[in-house]
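Taken in order, these protein sequences are the chains called G and R.
Here the first sequence is numbered in the working numbering, starting from 561 and rising by one per residue.
Here the second sequence is numbered in the working numbering, starting from 561 and rising by one per residue.
Virtual Cβ for every residue (Gly too), placed ideally from N, Cα, C.
From a predicted model like this one, the values you see are computed outputs, not experimental measurements.
Worksheet: one structure, shown below.
2 protein chains.
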Amino acid sequence: MKVTIRTVAEQAGVSVPTVSRVFNSPELVNKVTRERVMAIADSLHFFPNDRARALRAPKRPIIGVLAWQIKDFFFGELLSGINKAAAREDMDVLLFDAQLDSKRGMDGLVFLKRQQSDGIIFTSSPVLDEYYAIISRLHIPVVLALTEGSQYNLCSFKIDDRKAAFDAVGYLVARGHRHIGMISGPMEDTIAGNSRFSGFREALRHYNLTYTDEQLAFGQYRYEHGYAAMADLLSHRDVTAITAVFTASDEMAIGAMRCIHDHGLRVPEDISIIGFDNVAVSDMVTPKLTTIMQPFERIGMESVSYLKKAWNASGDSSSGTYFLPHRIIERESVATLSYDSS
Amino acid sequence: MKVTIRTVAEQAGVSVPTVSRVFNSPELVNKVTRERVMAIADSLHFFPNDRARALRAPKRPIIGVLAWQIKDFFFGELLSGINKAAAREDMDVLLFDAQLDSKRGMDGLVFLKRQQSDGIIFTSSPVLDEYYAIISRLHIPVVLALTEGSQYNLCSFKIDDRKAAFDAVGYLVARGHRHIGMISGPMEDTIAGNSRFSGFREALRHYNLTYTDEQLAFGQYRYEHGYAAMADLLSHRDVTAITAVFTASDEMAIGAMRCIHDHGLRVPEDISIIGFDNVAVSDMVTPKLTTIMQPFERIGMESVSYLKKAWNASGDSSSGTYFLPHRIIERESVATLSYDSS
DNA sequence: CTGAAAGCGCTTACAG
DNA sequence: CTGAAAGCGCTTACAG
Numbered sequence: 561m562k563v564t565i566r567t568v569a570e571q572a573g574v575s576v577p578t579v580s581r582v583f584n585s586p587e588l589v590n591k592v593t594r595e596r597v598m599a600i601a602d603s604l605h606f607f608p609n610d611r612a613r614a615l616r617a618p619k620r621p622i623i624g625v626l627a628w629q630i631k632d633f634f635f636g637e638l639l640s641g642i643n644k645a646a647a648r649e650d651m652d653v654l655l656f657d658a659q660l661d662s663k664r665g666m667d668g669l670v671f672l673k674r675q676q677s678d679g680i681i682f683t684s685s686p687v688l689d690e691y692y693a694i695i696s697r698l699h700i701p702v703v704l705a706l707t708e709g710s711q712y713n714l715c716s717f718k719i720d721d722r723k724a725a726f727d728a729v730g731y732l733v734a735r736g737h738r739h740i741g742m743i744s745g746p747m748e749d750t751i752a753g754n755s756r757f758s759g760f761r762e763a764l765r766h767y768n769l770t771y772t773d774e775q776l777a778f779g780q781y782r783y784e785h786g787y788a789a790m791a792d793l794l795s796h797r798d799v800t801a802i803t804a805v806f807t808a809s810d811e812m813a814i815g816a817m818r819c820i821h822d823h824g825l826r827v828p829e830d831i832s833i834i835g836f837d838n839v840a841v842s843d844m845v846t847p848k849l850t851t852i853m854q855p856f857e858r859i860g861m862e863s864v865s866y867l868k869k870a871w872n873a874s875g876d877s878s879s880g881t882y883f884l885p886h887r888i889i890e891r892e893s894v895a896t897l898s899y900d901s902s
Numbered sequence: 561m562k563v564t565i566r567t568v569a570e571q572a573g574v575s576v577p578t579v580s581r582v583f584n585s586p587e588l589v590n591k592v593t594r595e596r597v598m599a600i601a602d603s604l605h606f607f608p609n610d611r612a613r614a615l616r617a618p619k620r621p622i623i624g625v626l627a628w629q630i631k632d633f634f635f636g637e638l639l640s641g642i643n644k645a646a647a648r649e650d651m652d653v654l655l656f657d658a659q660l661d662s663k664r665g666m667d668g669l670v671f672l673k674r675q676q677s678d679g680i681i682f683t684s685s686p687v688l689d690e691y692y693a694i695i696s697r698l699h700i701p702v703v704l705a706l707t708e709g710s711q712y713n714l715c716s717f718k719i720d721d722r723k724a725a726f727d728a729v730g731y732l733v734a735r736g737h738r739h740i741g742m743i744s745g746p747m748e749d750t751i752a753g754n755s756r757f758s759g760f761r762e763a764l765r766h767y768n769l770t771y772t773d774e775q776l777a778f779g780q781y782r783y784e785h786g787y788a789a790m791a792d793l794l795s796h797r798d799v800t801a802i803t804a805v806f807t808a809s810d811e812m813a814i815g816a817m818r819c820i821h822d823h824g825l826r827v828p829e830d831i832s833i834i835g836f837d838n839v840a841v842s843d844m845v846t847p848k849l850t851t852i853m854q855p856f857e858r859i860g861m862e863s864v865s866y867l868k869k870a871w872n873a874s875g876d877s878s879s880g881t882y883f884l885p886h887r888i889i890e891r892e893s894v895a896t897l898s899y900d901s902s
């Protein structure tokens, strides 16, 4: 029933090594034999077992990817970058979806290792001590994408979240906004939460803008959280007088825009919104969302290059955080205020 | 450098089989030995090679998934369903991204097979003869998700696209629309293109509505295609008098809504739109999109169950197309017309 | 309870 | 040009 290299050898009346050679170094085998073997292999629908082969022969490198949640809007773009780079470099990629469950994430790390990954790309979720405990025993290079772990001496590729947040506020200020609110991620999230908030806070100070707690609301990055947080912000508008809101994710920005709409106000005429991510949908909503672009595909590709370098440097791979350039994508959700309104 | 079961055995002063037992049937080995081996394995950071193991022992089934384009909005949901079901059933999943390239798709099929997939879920792209030529030699069950291949005797899980399109028109008619346009996928696409158009056409006949070529425009499912197609439809509005448009994908529907907006018209007051898919974003745009829901996660899960059944039935797996129920999700993009407007 | 032997499907020196 | 032998990392009867 099961057809292996051996079945082919028997049918063709040659030895197993000969069949192997037909597939791996055809030039070493006599033309007639080769063609006979090929024909037999074909008629038997033989496919070599790549896993058995990998046991003996040097194999294509395998990149393991740990996804925090595969459904995330940006994950597809990140993975797409990983896949493109891997295809170009003749590597295979193995994916594991943690489904937002950190226990499952830890299992995933072990799974990827046991499946012979030669390196791992760990995405988006903050590195916890429990994760690092595992990572450090893996003895294969691990690179972080869209998250950071400098305290563990891990290398990561991301944008400078703090600076990007600072720039978002700067953009708003340049357009005349002086009262700016923020919808932030949770502070426990050191990357997309805390550091984006810090950049925001720093910018307010830098530009000498007022700040009170009523200018801030929180959400877990999803649409409905953005909606609820905006409702909160709107309820304090009499005291805060905000004319613009910076949001820690595009999805929350879109929720916020809807909330504004439902309150009978308009974006950007009454309130301006600037998002964060530049996921594909931010260009599909009306008004189109002005936002901070994260180069997801590029981050995926850089992560792959890093792993490749780490293998060659075998052992002492450089650590540190590599900031890839972010950029402001100007679209339709931010209005320019005339000066006398400040 | 490389630590295998053998390294552990040597360090622990036991044989290789004993180490193997410690990991696979710990109850068979003496407690002290077991604990010593565990300790050594731990200190050496030993992880068993699951691929070598699979060569000898009965392994967890592997499901290969061929994605047509991983970035597609709905693919994440489909894959999420596959992953959940696979995790529950103790199966592993292997993913290959064709990146819209049918040559790469064919390579992917072979890749998945050679990597020892026990079954394959083939997604979304129509089955071509070249694909089937490969599929038929794989000798493992292949199930289609969101596409169809009854001419090849393949089993598939999807919704009844034709019926769903018919229902979309029915919904519009029930709300008083008599002049209905469509933005269709390409006719060469037998699933999302041709069959949805057929359902549309049939419904027009069934409800006795007029039809001319000017009521139809085409696009490749993306936002910009929807936009362009809508511009086309709008340019003939003086003759077609359409008050509603049925669209073959949500993404095109969203593009169409933007086009209407840019022409100074409003959805749904001036033109109603009904989409197809119910991807996550259709609930995030304004107006929220009324659309046909495809149960992506469920389709993913059913595909997994099918493969499981096919393995047990070993050999003669049932073929045929299984239609999962679609549903109309009523949101904000369709207006109810008063009768005298018809 | 533990080890020696055989083997999973393949590859790669080594002879001839 | 081709085969016999050894081995990749592991597991599983079979003895003892």
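In the structure shown, D657 of chain G falls within a strand segment according to DSSP collapsed to helix, strand and coil. About 30 Å separates the CB atoms of V653 of chain G and L604 of chain G; that is not less than 8 Å, and the two are not in contact. With a cut-off of 8 Å on Cβ pairs, the region 788-802 of chain G is not in contact with the region 826-835 of chain R, counting fewer than three such pairs. Within the region 589-621 of chain G, the residues whose Cβ lies closer than 7 Å to any Cβ of chain R are, in chain order, H605, F607, P608, N609, D610, R611, A612, A614 and L615. With contacts defined as CB atoms closer than 7 Å, E637 of chain R and E857 of chain R qualify as a contacting pair.
DSSP places G745 of chain G in the coil class of the three-state scheme, outside both helix and strand. Counting of Cβ neighbours within 10 angstroms places L639 of chain G among the buried residues, the total reaching 16 or more. With the rule of 3 Cβ pairs closer than 8 Å, the region 689-699 of chain R does not count as touching the region 725-735 of chain R. Under DSSP, F806 of chain R forms a beta bridge with R:M742 and R:I834. Sequence-distant partners of Y691 of chain R (beyond 5 residues in either direction) whose C-beta falls short of 6 Å from its own C-beta are missing from its chain. Neighbourhood of M844 of chain R in chain G, by CB distance below 8 Å: Y783, E811, I814, G815, R818, V841 and V845, in chain order. Flagged as an interface residue toward chain R: R697 of chain G, by a C-beta distance shorter than 7 Å.
Fully enclosed beta strand (DSSP E) runs of no fewer than 3 residues occupy 652-657 and 679-683 of the region 644-693 of chain R, in order along the chain. For the region 763-798 of chain R, the full-length alpha helix (DSSP H) segments reaching 4 residues or more read 783-795 along the chain. In the DSSP annotation of this structure, the continuous segment of the beta strand (DSSP E) that includes S716 of chain G starts and ends at C715 to I719.
For G753 of chain R, the closest of R:F806, R:R611 and R:G815 by C-alpha to C-alpha distance is R:F806. When DSSP states are grouped into helix, strand and coil, R887 of chain R belongs to the strand group. Residue environment for S898 of chain G: exposed (fewer than 16 other C-beta atoms within 10 angstroms of its C-beta). Taking all protein chains shown into account, K591 of chain G has fewer than 16 neighbouring C-beta atoms within 10 Å of its C-beta and is therefore exposed. Residue range I622 to A627 is occupied by the beta strand (DSSP E) that includes V625 of chain R. Comparing C-alpha distances from T707 of chain R to each of R:F656, R:S685 and R:R722 shows the shortest one belongs to R:S685.
At a C-beta separation below 8 Å, I630 of chain G has these neighbours in chain R: G636, L639, S640 and N643. For the region 667-689 of chain G, the beta-carbon criterion of a distance under 9 Å to any beta-carbon of chain R is satisfied by V670, F671, K673, R674, Q675 and Q676. Here the alpha carbons of V729 of chain R and R761 of chain G stand approximately 52 Å from one another.
Among the residues of chain R, those whose CB is under 9 Å from the CB of H821 of chain G are T846, following chain order.
I600 of chain G and M561 of chain G have their C-alpha atoms spaced approximately 15 Å apart.
Judged by their CB atoms, V894 of chain R and P828 of chain R are nearer to each other than the 7 Å cut-off. Any Cβ of chain G closer than 7 Å to the Cβ of L714 of chain R would place that residue at the interface, and such an atom is absent.
In the three-state scheme derived from DSSP, where H, G and I count as helix and E and B as strand, V563 of chain R is classed as coil. In this structure, DSSP gives T578 of chain G a helical state, which the three-state scheme calls helix. Under the Cβ distance rule, D830 of chain G does not count among the residues neighbouring chain R, no pair being separated by less than 7 Å.
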